[in-house]
Amino acid sequence: MNDLTQMKQQARALREQEKYSEAVQIYQVLWSEQRASCNEWDGWGYAQSLRKLNRSAEALDVCREVHRLKPDFVLNRNLYAWCIWDLYIARVDDEQIAANSSEFFRAASAILDLGEPGDYSPFARTLLRVVKYLKERPGYPAQQILEWTGKVSPDQLSPKVGIGSDGKGGQMEYASEREQWYSARCKALREAERYQECIDLATEALEAVQRFHHDDDVWLKYHRARAMSGLGDNAAAVDELRALLPRKKDWFVYRDIAQCLYNLGQFDEALASSLDAALAPLPEIENKWRLFLLMGWIIRDQGKLEDAKRHVLLAARVRQKRSDWTGTPKELAQTIAELGVDLNSGISTDDLQQELQRIWRSAKFAGRPSVQGMIKNLLQDRDAGFIQGQGGEDYYFKFKSFKGPHHMLQPGLAVVFYVEKNPDPSKRDIAVEIRPVNRK
Numbered sequence: 455m456n457d458l459t460q461m462k463q464q465a466r467a468l469r470e471q472e473k474y475s476e477a478v479q480i481y482q483v484l485w486s487e488q489r490a491s492c493n494e495w496d497g498w499g500y501a502q503s504l505r506k507l508n509r510s511a512e513a514l515d516v517c518r519e520v521h522r523l524k525p526d527f528v529l530n531r532n533l534y535a536w537c538i539w540d541l542y543i544a545r546v547d548d549e550q551i552a553a554n555s556s557e558f559f560r561a562a563s564a565i566l567d568l569g570e571p572g573d574y575s576p577f578a579r580t581l582l583r584v585v586k587y588l589k590e591r592p593g594y595p596a597q598q599i600l601e602w603t604g605k606v607s608p609d610q611l612s613p614k615v616g617i618g619s620d621g622k623g624g625q626m627e628y629a630s631e632r633e634q635w636y637s638a639r640c641k642a643l644r645e646a647e648r649y650q651e652c653i654d655l656a657t658e659a660l661e662a663v664q665r666f667h668h669d670d671d672v673w674l675k676y677h678r679a680r681a682m683s684g685l686g687d688n689a690a691a692v693d694e695l696r697a698l699l700p701r702k703k704d705w706f707v708y709r710d711i712a713q714c715l716y717n718l719g720q721f722d723e724a725l726a727s728s729l730d731a732a733l734a735p736l737p738e739i740e741n742k743w744r745l746f747l748l749m750g751w752i753i754r755d756q757g758k759l760e761d762a763k764r765h766v767l768l769a770a771r772v773r774q775k776r777s778d779w780t781g782t783p784k785e786l787a788q789t790i791a792e793l794g795v796d797l798n799s800g801i802s803t804d805d806l807q808q809e810l811q812r813i814w815r816s817a818k819f820a821g822r823p824s825v826q827g828m829i830k831n832l833l834q835d836r837d838a839g840f841i842q843g844q845g846g847e848d849y850y851f852k853f854k855s856f857k858g859p860h861h862m863l864q865p866g867l868a869v870v871f872y873v874e875k876n877p878d879p880s881k882r883d884i885a886v887e888i889r890p891v892n893r894k
């Protein structure tokens with residue numbers, strides 16, 4: 455056995471024993487002084503040892519040389535991809551990506567070109583990292599998300615759920631690669647107005663994924679409902695959206711129900727749902743500008759033109775709060791012109807909002823009897839609690855529904871409130887608009 459063969463065997467043995475520093479010393483001599491006698495396996499072993507020592511930049515250089523020597527060597531292609539992942543994908547946050555997005559996308563494309571989805575390649579995690587970045591971009595680039603998710607089919611992605619830390623010393627599950635892909639692509643199809651594809655993919659996902667995370671099943675049904683409406687099947691969309699309410703009572707679900715009902719010409723029901731949306735809490739009211747425009751349309755078609763004008767004015771005013779939203783959307787501009795809305799009306803935006811909120815509350819609770827009771831207990835970890843009514847019934851409530859000073863919210867406090875039916879019949883009805891007795 456000659457010295458060169460002995461050195462190669464020694465380097466390989468050290469690498470297999472995970473003695474990477476010692477292995478690198480030998481590989482370095484071989485690679486720099488005996489290159490002509492080294493093959494792809496020697497280069498791969500050298501690069502792998504370097505990467506194990508967190509020297510991914512040096513490992514990447516070696517992988518490039520091995521790739522030129524043997525382009526179809528799968529082990530090196532995968533290691534090559536992992537080195538790119540280490541340097542250009544894993545170590546950068548969204549802000550850093552935005553500062554040099556061309557480098558990020560070039561690196562991601564290289565990784566996908568080098569391998570295929572599987573346990574030994576960063577293909578899937580790279581694709582999903584790209585999608586995660588794109589989902590957070592202003593304007594939601596649906597077409598780009600479709601292009602990237604189109605590079606793989608769901609059956610190429612792992613259905614295995616991930617396990618990670620919950621930040622409290624325990625473990626938690628997170629969505630599988632396949633679930634993440636379905637969720638991202640389904641939303642992008644809806645945003646791109648490819649409605650039938652969205653419906654078909656959401657239905658497929660709901661059957662294919664065994665256990666969902668982060669309410670992904672709810673979101674899939676939401677996207678499917680929106681797509682149904684986009685194709686004109688508003689009645690089916692209303693049924694789908696209403697079925698989501700036990701798990702998702704967000705303002706935009708009520709808004710979308712209202713839009714579908716409006717499309718069906720059911721103006722009174724549409725207004726009732728829009729009131730639920732308008733009165734639901736949301737820190738940034740400007741996000742509701744489309745809701746206020748919809749309310750303007752509903753009220754206009756009910757023949758109440760002055761009230762309609764005020765809602766359209768609010769839509770225009772709150773939208774102006776966002777400096778990054780330029781121009782006036784066509785549907786808003788047309789409605790302003792049609793109704794002759796004066797955007798320079800003397801009332802302030804805050805006063806207009808407060809005035810309309812009083813009208814919304816009055817309309818929503820008109821004809822409903824108020825109920826008296828007492829705060830029974832508080833669930834601090836859930837920002838919620840229970841009220842016992844005078845008749846002995848218990849009602850669930852959220853802290854945000856309490857309209858008095860926060861320090862007064864204590865067990866034993868006498869309150870007056872309205873009751874809303876819980877969309878989930880197995881759970882307690884809900885107390886809303888809760889006020890201390892004798893306080894208006």
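Residue numbers for the sequence shown follow the working numbering, so the first one is 455 and each next one is one higher.
Heads up, the beta-carbon is just placed ideally off N, CA and C, and yes, glycines get one too.
(request) Could you check if Ala791 is buried or exposed, using at least 16 other CB atoms within 10 Å of its CB as the buried criterion? (result) In the sequence shown, the residue the question calls residue 791 occupies position 337. The residue in question, Ala791, is exposed, as its Cβ has fewer than 16 Cβ neighbours within 10 Å.
(request) Confirm, please, whether the CB-CB distance from Ile711 to Leu736 is below 8 Å. (result) Here the question's residue 736 lines up with position 282 in the sequence shown. Here the question's residue 711 lines up with position 257 in the sequence shown. Not closer than 8 Å, so no.
(request) Specify the secondary structure class of Ser880 as computed by DSSP and reduced to three states. (result) Position 426 of the sequence shown holds residue 880. Under the three-state reduction of DSSP output, Ser880 falls in the coil class, being neither helix nor strand.
(request) Classify Thr580 as buried or exposed, calling it buried when 16 or more other Cβ atoms lie within 10 Å of its own Cβ. (result) Against the sequence shown, residue 580 aligns to sequence position 126. Its Cβ being crowded by 16 or more others within 10 Å, Thr580 is buried.
(request) Would you grab the beta carbon distance between Phe706 and Gln756 for me? Rounded to a whole angstrom, and I think it's under 8 Å. (result) On the sequence shown, residue 706 is found 252 positions in, with the first residue counted as 1. On the sequence shown, residue 756 is found 302 positions in, with the first residue counted as 1. Wrong, their Cβ atoms sit about 23 Å apart, outside the cutoff.
(message) With H, G and I counted as helix, E and B as strand and the rest as coil, what does DSSP make of Asp848?
(response) Numbered from its first residue, the sequence shown carries residue 848 at position 394. Judged by DSSP in its simplified three-state form, Asp848 adopts strand.
(request) Spell out the partners DSSP gives Ala858 in its beta bridges. (result) Translated into positions along the sequence shown, residue 858 becomes position 404. The sequence given here has Gly at residue 858, not Ala. In the DSSP output, where bridge partners are listed per residue, Gly858 has none listed.
(request) Output the distance between the C-alpha atoms of Glu633 and Gln811, rounded to the nearest integer angstrom. (result) For the purposes of this step, residue 633 is taken as the residue at position 179 of the sequence shown. For the purposes of this step, residue 811 is taken as the residue at position 357 of the sequence shown. Each residue's Cα considered, the two are about 40 Å apart.
(message) Quick check on the burial criterion: 16 or more other C-beta atoms within 10 angstroms. Buried or exposed for Ala465?
(response) Here residue 465 is taken as the residue at index 11 of the sequence shown, counted from 1. With at least 16 other beta carbons inside 10 angstroms of its own, Ala465 counts as buried.
(message) So for Asn508, helix, strand or coil by DSSP?
(response) As a first step, residue 508 is located in the sequence shown; it is residue number 54 there, counting from the start. Looking at Asn508 - three-state DSSP - the assignment turns out to be coil, as it is neither helix nor strand.
(request) Mind reading off the beta-carbon distance from Met626 to Ile653? Whole number of angstroms is fine, and I expect it under 8 Å. (result) What you label residue 626 is simply residue 172 of the sequence shown in a count that begins at 1. What you label residue 653 is simply residue 199 of the sequence shown in a count that begins at 1. Met626 to Ile653, Cβ: 31 Å. No contact.
(message) Measuring only the C-alpha atoms, how far is Ile599 from Ala642?
(response) In the sequence shown, counting from the first residue as 1, residue 599 sits at position 145. In the sequence shown, counting from the first residue as 1, residue 642 sits at position 188. Distance between the alpha carbons of Ile599 and Ala642 is about 6 Å.
(request) With DSSP collapsed to three states, give me the class of Asn717. (result) For the purposes of this step, residue 717 is identified with residue 263 of the sequence shown, where counting begins at 1. Collapsing the DSSP output to three states places Asn717 in a helix.
(message) Quick check on the DSSP output: what are the complete alpha helix (DSSP H) runs of length 4 or more inside the region 677 to 717, in order along the chain?
(response) For the region 677 to 717, the full-length alpha helix (DSSP H) segments reaching 4 residues or more read 688 to 698, 705 to 717 along the chain.
(request) Take Gly858 as the anchor and find which of Ser802, Val870, Asp778, Gln610 has the nearest alpha-carbon. (result) Position 404 of the sequence shown holds residue 858. Comparing Cα-Cα distances from Gly858 to each of Ser802, Val870, Asp778, Gln610, the minimum goes to Val870.
(request) Hey, could you find the ends of the beta strand (DSSP E) Ala868 is sitting in? (result) Locating residue 868 in the sequence shown gives position 414, where the first residue counts as 1. First-last of the beta strand (DSSP E) with Ala868: 868 to 874.
(request) Consider the C-beta atom of Gly858 and the heavy atoms of the ligand ZN; say whether any pair is separated by less than 7 Å. (result) For the structure depicted, the ligand ZN is absent and the ligand set is empty, with no information on it obtainable.
(request) Would you kindly check if the distance between the Cβ of Leu797 and the Cβ of Ala762 is under 8 Å? (result) Numbered from its first residue, the sequence shown carries residue 762 at position 308. Numbered from its first residue, the sequence shown carries residue 797 at position 343. With contacts defined as CB atoms closer than 8 Å, Ala762 and Leu797 fail to qualify as a contacting pair.
(message) What ranges does the alpha helix (DSSP H) occupy inside the region 733 to 795, keeping only unbroken runs of at least 4 residues that lie completely in it?
(response) 743 to 755, 759 to 773, 784 to 793, all fully within the region 733 to 795.
(message) Tell me which residue opens and which closes the beta strand (DSSP E) that Gln842 is part of.
(response) Start at 1 with the first residue of the sequence shown, and residue 842 comes out as number 388. Unbroken beta strand (DSSP E) run through Gln842: 838 to 843.
(message) Does Gln502 pass the burial test, meaning 16 or more other C-beta atoms within 10 Å, or should it be called exposed?
(response) The residue labelled residue 502 in the question sits at position 48 within the sequence shown. Within 10 angstroms of the beta-carbon of Gln502 lie 16 or more other beta-carbons, which makes it buried.
(message) Quick check: Ser637 and Gly616, are their CB atoms within less than 8 Å of each other?
(response) Counted from its first residue, the sequence shown places residue 637 at position 183. Counted from its first residue, the sequence shown places residue 616 at position 162. Not a contact, by the Cβ cut-off of 8 Å.
(message) Distance check for Pro525 and Asp496, CA to CA, integer angstroms please.
(response) Taking the first residue of the sequence shown as 1, we reach residue 496 at position 42. Taking the first residue of the sequence shown as 1, we reach residue 525 at position 71. Note on geometry: alpha-carbon atoms of Asp496 and Pro525 lie some 15 Å from one another.
(message) Can you tell me which residues form a DSSP beta bridge with Ile829?
(response) Translated into positions along the sequence shown, residue 829 becomes position 375. DSSP lists Ile841 as partners of Ile829.
(request) Verify whether the separation of the beta carbon atoms of Leu674 and Ala690 is less than 8 Å. (result) Counted from its first residue, the sequence shown places residue 674 at position 220. Counted from its first residue, the sequence shown places residue 690 at position 236. Contact: no.
(request) Using only alpha-carbon positions, find the residue among Arg531, Arg583, Val606 that is nearest to Tyr574. (result) Position 120 of the sequence shown, counting from 1, holds the residue named residue 574. A check of alpha carbon separations from Tyr574 across Arg531, Arg583, Val606 identifies Arg531 as the nearest.
(request) Check whether the Cβ of Leu786 lies closer than 8 Å to any Cβ atom in chain B. (result) Annotation note: the requested chain B is absent from the structure, which comprises a single protein chain.
(message) Using C-beta distances below 7 Å, list every residue in its chain close to Trp539, excluding the 5 sequence neighbours before and after it, in chain order.
(response) Here residue 539 refers to the residue found at position 85 when the sequence shown is read from its first residue. Non-local C-beta neighbours of Trp539 in its own chain, meaning closer than 7 Å and more than five positions away in sequence, comprise Ile565, Pro576, Thr580, ordered along the chain.
(request) Could you tell me whether the region 822 to 829 touches the region 870 to 883, where touching means 3 or more Cβ pairs closer than 8 Å? (result) Taking 8 Å as the limit for Cβ pairs, the verdict is that the region 870 to 883 does touch the region 822 to 829.
(message) Which residues does DSSP list as the beta-bridge partners of Arg889?
(response) Sequence index remark: in the sequence shown, residue 889 carries index 435 (1-based). Note: Arg889 sits in a beta bridge opposite Val870.
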